[in-house]
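Colleague: Dumping the structure here so I can ask a few things about it.
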Amino acid sequence: MAILSSLRSFDRELQKEYAIPIVIMDNGTPPLTGTSTLTVVIGDINDNQMQPGTKDIIIYKWPESTYTTDTEIGRVYVHDLDDWDLPDKKFYWDGSEPPFFYLNENTGMLTMRSITPKGKYYLRFKVYDSKHTQIGIEANVSVLVQEVTREALDNSATIRITGLSDEDFIRVWDYRSQNIVKSKLEMFKEKIAELLSSHKDKVEIFSVQLKQINPPITDVRFAIKEQTYYKPVRLHGMILMNRNEIERYVGINISMAGINECLYEEEFCKGSCTNVVEERRTLYMVNANRTALVGPHIETYADCSCGARNFSKLENCFTRPCMNNGVDSRTGPICTCPEGYTGPRCQQTTVSFNGYGWAWYPAFDTCRDTHISLEFITNTTDGLILYNGPIVSPKPNEKVLSDFLSLEIEGGYPRCLIDFGSGTLELLIRTKRPVNDGEWHRIDLFWDTENVRMVVDFCKTANVTESLDGTVFELDDSTCQARGSIPPYNQYLNVNSPLQIGGIYREEYDSQIFQWRYIPTNQGFTGCIRNVRINSFLYDMSSAGLSRNIEKGCPQTERFCTHYTNLKGCSGHGVCSSSYNKAKCICDPGWTGSTCKQATIPTTFLEQSYVKYALSFEPDLFTTDIQLRFRTREGSGELFRISDQHSREYGVLEIREARLRFRSATVTHRSKRRSLAYGEGESIWIHDHADDGGGEGRRYNESFVLEGHQWLTIDKQEGVYAGGKAEYTGVATYDVYGDYRRSCLDDIREWK
């Protein structure tokens, strides 16, 4: 046992505590040592008289209807070198009590009533000290109440500071020099404003919370508004790239820019992990003598699920699902979008790059199974499509996170580099033709904790050999699919930096720091990228947090629509879909014709009614696309069916239990029927790989496996039905299986 003794007396007014490092050694061979820090707190006696004091309290609160309880906002302050003398003091109002605040006379704690409106309040008090028989010492408190908007929270950025308490971050009084100083909060606002060429008054720090007491860790949340709010991804990236400068000026240690509790693998979760921001219905107070900050109580925690696939929360107009001034419909969140915003939630789906540009978007959640898909068009041989990884080198003694993902074109062929922190995997596909051919191409990336798969254009160019009965099967997918295994032992992509599309913007650093086997290209992408979808969610290309040399839409292909084909408008009922080589109109649901001028005619299905089609073309054995519109109040019914001659293999789009479902069966996969494309929309688009192309999130589901028997030989005379399938029960009688009754169908399309 070791005993520590003092050699002299201490004065708390000179120093409140001492941190004493103690080296401990055992008697092993060789001996092991460790260092422990002993914190000695100096006690206080009431040996100083108090003097008049002033205090500034800033309060940020949600709209008034949010709160049902009153909130403590800080203690009345008088200047006194002693800080353990509260039992000797009494606090009273100087005059009558105001309507929105009340006072604890024993502690001096001020409480704000829940109904307090925003505004500025000036409060006056008298303080008494029984030890020194001081009577009526004046204390003035200024209270500024402001409201925090939902928009400010949605666009807020966060930093995590280590080695500093929340009180020390807002403190304006230096007890050693006994002088008022500029708080670290103010210095942080100044530096952020300087880096953004803004004014510090535009920087709103509305939440400061202590995450851990010892050693202290403090979380800070802020937003910046000029005409509009800065995107969080821009603020986090800016802080990362200027972290050393910010730390030197403010005197803090930033351990995280963009608080992410899922960043370090298996720290909180053994599988999928989603960083959740939860708003409490209370306020959080930081009280630091001459100043106090009260803001929304916001907790950040790790939820061990894949947030992109968690649809437990109801969707309504309050959650504002529609982007870019989209308008919710009267029946719920179905978005009516302005021109140029064609995503299901009014996202802008397409962006163009000139080879010297890039765009920053939010990174994605950590999911055990991840799927990324996108489309691109280019006529250049090299370029970066997508990158998510380090943008700065780590600080000395900081844990190195080397995880990254890079999707690029190399020599005209798709290339993927992925590293979970334990080694870099390269996937390269030698497609039959280079993909820089001026046509649109799609890439799908799939990965789990062990394996990665990259697919080009749904693998339509695969060499498939089958007998018609499915007993003989050969699939050569080397020209459209590549697979690989993640080097052990890390299992997840852990990144806390912007998702970059079209190029990379980062500081210059030595990539050897990260020990990558393959290095991502620095060559920017030339061409257009569209429909970037990660775990079913479609990115809004117009909401880049930071970008350079990009253009909305795809002017390269739009020019073809305008100058060469005169199809740009498509009669106002469709969009012109073009490559660098050709163009055509894709008509909106309910319209048809080469320029979408002709309205389709809906058909009403009565009980026991159906339509059987006789196809005049030869259906593709490998790929089928189906689109239709429907309207019903029935909870079940079959919309559309394709099948082989004996109905042993089929694809069926139907309504079951008021949900939309697509199921298919082949000889070798009969037990693997798929319930897909959940949603309640009126229009549906189904690929044979089964995804609801008209939605995202909870309205998007898919199955994408290129294994085993692939062909579906559709019977041209007896294999295509709408509204149900007729089963003959007698010579002239029949029953409609899956009867789609008292409902409508319209604009059924089937094409390769």
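For the sequence shown, UniProt numbering gives the first residue as 1, with consecutive numbering after it. For each residue, glycine too, the CB sits at the ideal point set by N, CA and C. Predicted model, so just to flag it, every value in this text is computed and none were measured.
Nearest to residue 70 by CA position, among 80, 78, 47 and 99, is which residue?
Modeller: With distances taken between Cα atoms, residue 70 lies closest to 99.
Colleague: Going by DSSP in three states, residue 641 sits in which element: helix, strand or coil?
Modeller: The answer is strand: DSSP assigns residue 641 an E or B state.
Colleague: Kindly give me the distance between the Cβ atoms of residue 254 and residue 247, rounded to whole angstroms, as I take these residues to be in contact under 8 angstroms.
Modeller: Indeed, because the Cβ distance is near 6 angstroms, the residues count as touching under 8 angstroms.
Colleague: Please report the distance separating the alpha-carbon of residue 711 from that of residue 465.
Modeller: Those two C-alpha atoms are separated by around 9 angstroms.
Colleague: Measure the CB-CB distance between residue 406 and residue 387 and report whether it falls below 8 angstroms.
Modeller: It is a contact, given that the beta carbons lie within the stated cut-off.
Colleague: Three or more C-beta pairs closer than 8 angstroms, one from the stretch 208-219 and one from the stretch 40-48: is that the case here?
Modeller: Touching, no, given that fewer than three Cβ pairs across the two stretches are closer than 8 angstroms.
Colleague: Assign residue 180 to one of two classes, buried (16 or more other C-beta atoms within 10 Å of its C-beta) or exposed (fewer than that).
Modeller: The residue in question, residue 180, is exposed, as its Cβ has fewer than 16 Cβ neighbours within 10 Å.
Colleague: With a 10 Å radius around its C-beta and 16 neighbouring C-beta atoms as the bar for buried, classify residue 592 as buried or exposed.
Modeller: Residue 592 is buried by the Cβ-count criterion.
Colleague: Quick check: residue 357 and residue 549, are their CB atoms within less than 8 angstroms of each other?
Modeller: In contact: residue 357 and residue 549 (Cβ atoms closer than 8 angstroms).
Colleague: Give me the DSSP bridge partner(s) of residue 545.
Modeller: Looking at the DSSP assignment, residue 545 forms no beta bridge with any residue, so it has no partner.
Colleague: Can you name the residues that DSSP bridges to residue 651?
Modeller: Beta-bridge pairing links residue 651 to 642 and 664.
Colleague: Under 8 angstroms, with one C-beta from each stretch per pair, do the stretch 187-194 and the stretch 269-277 reach the 3-pair mark?
Modeller: Touching, no, given that fewer than three Cβ pairs across the two stretches are closer than 8 angstroms.
Colleague: Taking the continuous beta strand (DSSP E) assigned at residue 128, which residues delimit it?
Modeller: Residues 119-129.
Colleague: Measure how close the beta-carbons of residue 59 and residue 146 come, nearest whole angstrom, since I'm counting them as under 8 angstroms.
Modeller: About 7 angstroms separates the two Cβ atoms, so the contact holds.
Colleague: Hey, could you find the ends of the alpha helix (DSSP H) residue 238 is sitting in?
Modeller: First-last of the alpha helix (DSSP H) with residue 238: 232-241.
Colleague: Using only alpha-carbon positions, find the residue among 577, 239, 85 and 736 that is nearest to residue 607.
Modeller: Among 577, 239, 85 and 736, the Cα nearest to that of residue 607 is on 736.
Colleague: Ordered along the chain, which non-local residues of its own chain (more than five positions away) have a Cβ less than 7 angstroms from that of residue 18?
Modeller: Only 40 meet the Cβ criterion.
Colleague: Taking the DSSP output, what are the residues bridged to residue 51?
Modeller: The partner list for residue 51 (beta bridge, DSSP) reads 79.
Colleague: What does a CB cutoff of less than 6 angstroms around residue 480 pick up in its chain, not counting 5 residues either side in sequence?
Modeller: These residues qualify, in order along the chain: 456, 459, 461 and 462.
Colleague: Out of curiosity, what's the CA-to-CA distance linking residue 586 and residue 118?
Modeller: Between residue 586 and residue 118, the C-alpha separation is close to 52 angstroms.
Colleague: Take the Cβ of residue 728 as the centre, count every other Cβ of all protein chains shown within 10 Å, and call the residue buried at 16 or more, exposed below.
Modeller: Exposed.
Colleague: Would a C-beta distance cut-off of 8 angstroms place residue 438 and residue 580 closer than the cut-off?
Modeller: Yes.
Colleague: Could you tell me the distance, in whole angstroms, from the CA atom of residue 502 to the CA atom of residue 210?
Modeller: Rounded to the nearest angstrom, the two C-alpha atoms are 39 angstroms apart.
Colleague: What is the DSSP secondary structure of residue 675, counted as helix, strand or coil?
Modeller: Because the pLDDT of residue 675 is 39, which lies under 50, any placement of that residue in the model is unreliable, and the question is left without a value.
Colleague: Comparing alpha-carbon positions, which option in 561, 507 and 610 lies nearest residue 394?
Modeller: Nearest of 561, 507 and 610 to residue 394, Cα basis: 507.
Colleague: Measuring only the C-alpha atoms, how far is residue 600 from residue 355?
Modeller: Distance between the alpha carbons of residue 600 and residue 355 is about 43 angstroms.
Colleague: Please return the same chain residues whose Cβ sits closer than 7 angstroms to the Cβ of residue 368, not counting the five positions on each side in sequence.
Modeller: The answer, listed in chain order, is 271, 272, 306, 448 and 449.
Colleague: Opposite residue 484 in the DSSP bridges: which residues?
Modeller: In the DSSP output, where bridge partners are listed per residue, residue 484 has 452.
Colleague: Where are the alpha helix (DSSP H) runs, 4 residues long or more, that stay fully inside the stretch 145-201, in chain order?
Modeller: Runs found: 150-154, 166-170 and 184-195.
Colleague: Would DSSP call residue 354 helix, strand or coil?
Modeller: Looking at residue 354 - three-state DSSP - the assignment turns out to be strand.
Colleague: On the DSSP letters alone, give me the boundaries of the beta strand (DSSP E) that residue 17 sits inside.
Modeller: Residue 17 -> beta strand (DSSP E) spans 17-25.
Colleague: Please state if the CB of residue 295 and the CB of residue 206 are separated by a distance shorter than 8 angstroms.
Modeller: The answer is yes: Cβ separation under 8 angstroms.
Colleague: Just to confirm the assignment: which complete beta strand (DSSP E) runs, minimum length 3, are found wholly within the stretch 329-411?
Modeller: You should have 332-336, 350-361, 370-377, 383-388 and 404-410.
Colleague: In angstroms, rounded to a whole number, what distance separates the CA positions of residue 574 and residue 309?
Modeller: Using only the alpha carbons, I get a separation of about 31 angstroms.
Colleague: DSSP three-state label for residue 222, please.
Modeller: Residue 222 falls in the strand class under three-state DSSP.
Colleague: Starting from residue 556, follow the alpha helix (DSSP H) in both directions and report where the run begins and ends.
Modeller: Looking at the DSSP string, the run of the alpha helix (DSSP H) that includes residue 556 is 555-559.
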